[in-house]
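Shown next, in structure tokens, is the structure this report addresses.
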Amino acid sequence: MKAEKFWDFLSANYDAGEGDPSTREDLEIIHKYLQPDDSVLEYACGTGTLAIHLAGRVKEIYGIDISGKMIAAAERKTAERKVKNIHFAHTTIFEAEYPKESFDVVMAFNILHLLEDARQAVQRINQLLKPGGLFISSTPCLGEKKSFVNHLLSPLFMVPSRMGIIPTVKLFRISELESLITQGNFQMVETKKFIGGMTDYFIVTRKTG
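For the sequence shown, our numbering gives the first residue as 804, with consecutive numbering after it.
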């Protein structure tokens, strides 16, 4: 699997680029939607940095990623910090053997734009959420015209993506992303746009069906 090999390759230096989770601009929003009894799934958890940071706020966190090396790093970090309520698995959102309606919250950060079929992934997330559960996501919207950097980066992503060198990259516009998620039986709760190097769109939605 090309995507798995790509993320395995990046795993050794992934933490250096990810930075301290406590400095994330969206962290305050994430915190206010988590409850002590919540069972949480983090889709595309990487090396587990965010899951470890949030573990003390919820009952349990399950982290999944297609990169075996990312998961191995996440498990090492969890053991070093003696965090007991996180469970990592090397799997995809479709292959993960979780029963329907298992989670109170599903988080997916910086992943929807890298999927060949994001709509199918959103539908699967809906299945995994309990009635009224929350889907919290943040996605680079590289199709937005407001950011000069988006224009600069778009061709740099698209060419190697089409060549199969890096994973598929979808150039979402904010309206497209909102439509994708709400059509998956989710109702908007809160949104926020972060404009830095790229336009990142943070969305909190609630399962409606």
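Cβ coordinates follow ideal geometry from the N, Cα and C atoms, glycine included.
Note that the structure is predicted; figures quoted are calculated from it, not measured.
- Cβ-Cβ separation between M910 and E993: approximately 14 angstroms, too far for a contact (criterion under 8 angstroms).
- Counting along the chain, R827 sits inside no beta strand (DSSP E), nor does DSSP assign it H or E at all.
- Every unbroken stretch of the alpha helix (DSSP H) spanning 4 or more residues and falling wholly within the segment 909-938 is given here in chain order: 921-931.
- The C-beta distance from G936 to F906 rounds to 6 angstroms, short enough to meet the 8 angstroms contact threshold.
- For E863, the beta-bridge partners assigned by DSSP are S842.
- Assigned with DSSP and collapsed to three states, A876 falls in helix.
- A check of alpha carbon separations from E947 across S941, Y1004, K835 identifies Y1004 as the nearest.
- For the pair of segments examined, the segment 830-850 was found to touch the segment 870-882: the number of CB pairs separated by less than 8 angstroms reaches three.
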